[in-house]
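The structure appears right after this line, and notes come after that.
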Amino acid sequence: FGVAAINLLWFLHLAVVQSLYRKSAAPASPSGPPPFFFYVKQAALALLAGVFLFFPAARLAADIAFGHGSAASDILKHPGPQDSPSALLYYSDYEIGHLRKAVALCPLEVKYRLYLGLAYEERAGLDKDGERAWELQALTCYQKAIQMSPANAYYYNDEGRVETALARSDPPSAARAEEAYRNAVHWDPASPFFLVNWALALEKTGQTEEARREIQRAFQLDPAFTAKVLSQMAFEQYRSGDTKTAFRYLAEAVAGNSACAEAYYCRGILYLSEGDKKKALEDLKEVKKLNPDPATNPSIQSLDQFIEQAKK
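The opening residue of the sequence shown carries number 1437 in the working numbering; numbering runs sequentially from there.
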């Protein structure tokens, strides 16, 4: 990314040192008019100086602005208990302002536009009244990123994520989300993550058989990862109030990979939330049998405590 701009300063200084060393170590040159190569070298140095003055300076300033925006984003991702809603909005304004500055300084750098889109999505989660407007701005950023880098599967995935969110109030966006995820799979067909997203978008557009086929493909590629992704999405669906879809995702995760401790753990927690302690205990005991390694399963915490809750 932007380290090229910073490294250029170092390389130019290195070139100066090398040039001065050669002059000090070389024998005295004969007198007379300088050779043609001397003028070519001087012209090249002048051109490099021009590039150094105009391009890297702007790029360096853009990276500094990007760094400020990223720092604010880290705070928003891990807010402290003392951070009030107004404070979070302040950090969001700070993040968006600096990322906009980075885009203005280097409009041809796709990275800055991508992170500006992510900042707009973060803001949509903080500002429910203006949620749709922020999501539309995020969508514009991702679509511009796709124009600049049309073979990047991740940008299509970002576009699909925003279109899925917009579909809550604009049903035609669901079809556009499915198309975006389809493009992500086209450019990276070996990613189970993109396949799962596409399958869920297919479901929402009524293409059930196609969705089931893509889920199976994802499990064939990486059953453990696919089950974990579905478990995470189930939690998101449950938090949004869609209990039925959440349990369906978990059922698919367990069916596709019966050794996935995360799937049983997530379903056990949701059963506890629903007050069905019997089913919760069955799933949590299954997690215990699988004996997940805390190093590779950091999401599974307080298992024994949840088992005790389910027994009461």
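By construction, the Cβ of each residue, glycine as well, lies at the ideal position given by its N, Cα and C atoms.
Determine, using beta carbons only, whether residue i comes closer than 8 Å to chain D.
i       : result
Val1452 : The structure shown contains no chain D; it holds only a single protein chain.
Among the options, which has the Cα closest to the Cα of residue i?
i       : options                               : result
Gln1668 : Arg1653, Leu1706, Thr1641 and Glu1710 : Leu1706
Gln1673 : Tyr1685, Ala1501 and Arg1549          : Tyr1685
Asn1593 : Asp1606, Gln1579, Met1584 and Ser1605 : Gln1579
Ala1589 : Thr1681, Arg1618, Ser1709 and Ala1538 : Arg1618
Leu1483 : Arg1495, Leu1448 and Asp1519          : Leu1448
Thr1644 : Pro1728, Arg1495 and Glu1614          : Glu1614
Ser1605 : Pro1586, Ala1501, Tyr1591 and Ala1569 : Ala1569
Gly1553 : Glu1531, Ala1587 and Leu1666          : Glu1531
Cys1702 : Asp1678, Leu1666, Ser1676 and Gly1677 : Leu1666
Asp1445 : Ala1507, Gln1478, Ala1485 and Ser1460 : According to the sequence as given, residue 1445 is Leu; it is not Asp. With distances taken between Cα atoms, Leu1445 lies closest to Ala1485.
Gly1711 : Lys1748, Ala1682 and Thr1732          : Lys1748
Thr1576 : Asp1565, Asp1563, Tyr1591 and Ala1689 : Tyr1591
Ser1509 : Val1453, Leu1562 and Asp1678          : Leu1562
Phe1544 : Ile1511, Lys1564, Arg1536 and Met1584 : Note that residue 1544 is Leu in the sequence shown, not Phe. The option with the nearest alpha carbon to Leu1544 is Met1584.
Arg1612 : Glu1599, Val1621, Lys1724 and Asn1443 : Glu1599
Asn1443 : Ala1687, Pro1728 and Asp1499          : Asp1499
By the three-class DSSP mapping on this structure, what secondary structure does residue i have?
i       : result
Arg1604 : coil
His1514 : coil
Thr1679 : helix
Phe1437 : Note that Phe1437 has pLDDT 45, beneath the 50 cutoff, so the model's placement of it is unreliable and no number is given.
Ala1616 : helix
Asn1727 : coil
Glu1595 : helix
Leu1544 : coil
Thr1662 : helix
Pro1625 : coil
Ala1494 : helix
Lys1459 : helix
Asp1519 : coil
Ala1587 : coil
Asp1563 : coil
Ile1736 : coil
Asn1693 : coil
Is the separation between the beta-carbon of residue i and that of residue j shorter than 8 Å?
i       : j       : result
Ala1616 : Gly1596 : yes
Glu1571 : Ala1555 : no
Asn1398 : Ala1660 : Summary: the structure shown does not reach residue 1398, with the chain confined to residues 1437 through 1748, and so no result is reported for it.
Ala1695 : Leu1720 : no
Leu1638 : Ala1647 : yes
Lys1664 : Glu1718 : no
Phe1742 : Gly1704 : yes
Leu1708 : Ala1716 : yes
Ser1528 : Glu1558 : yes
Ala1414 : Glu1650 : The structure shown does not extend to residue 1414, since the chain spans only 1437 to 1748, so no value can be given for it.
Val1546 : Ala1581 : yes
Ala1497 : His1534 : no
Tyr1751 : Ala1538 : Outside the displayed span of the chain (1437 to 1748) sits residue 1751, for which this structure offers no information.
Ala1610 : Ala1601 : no
Pro1628 : Ala1587 : no
Leu1524 : Pro1517 : no
From which residue to which residue does the alpha helix (DSSP H) around residue i run?
i       : result
Gln1573 : Glu1567 to Met1584
Cys1702 : Ala1697 to Glu1710
Pro1471 : Taken as a continuous stretch (DSSP letters only), Pro1471 belongs to no alpha helix (DSSP H), as it is neither H nor E.
Lys1641 : The amino acid at residue 1641 is misidentified as Lys; the sequence shows Thr. Here Thr1641 belongs to no alpha helix (DSSP H), and DSSP marks it neither H nor E.
Ile1743 : Leu1739 to Lys1747
For the putative contact between residue i and residue j, defined by C-beta atoms under 8 Å, what is the C-beta separation to the nearest angstrom?
i       : j       : result
Leu1541 : Ala1494 : 5 Å
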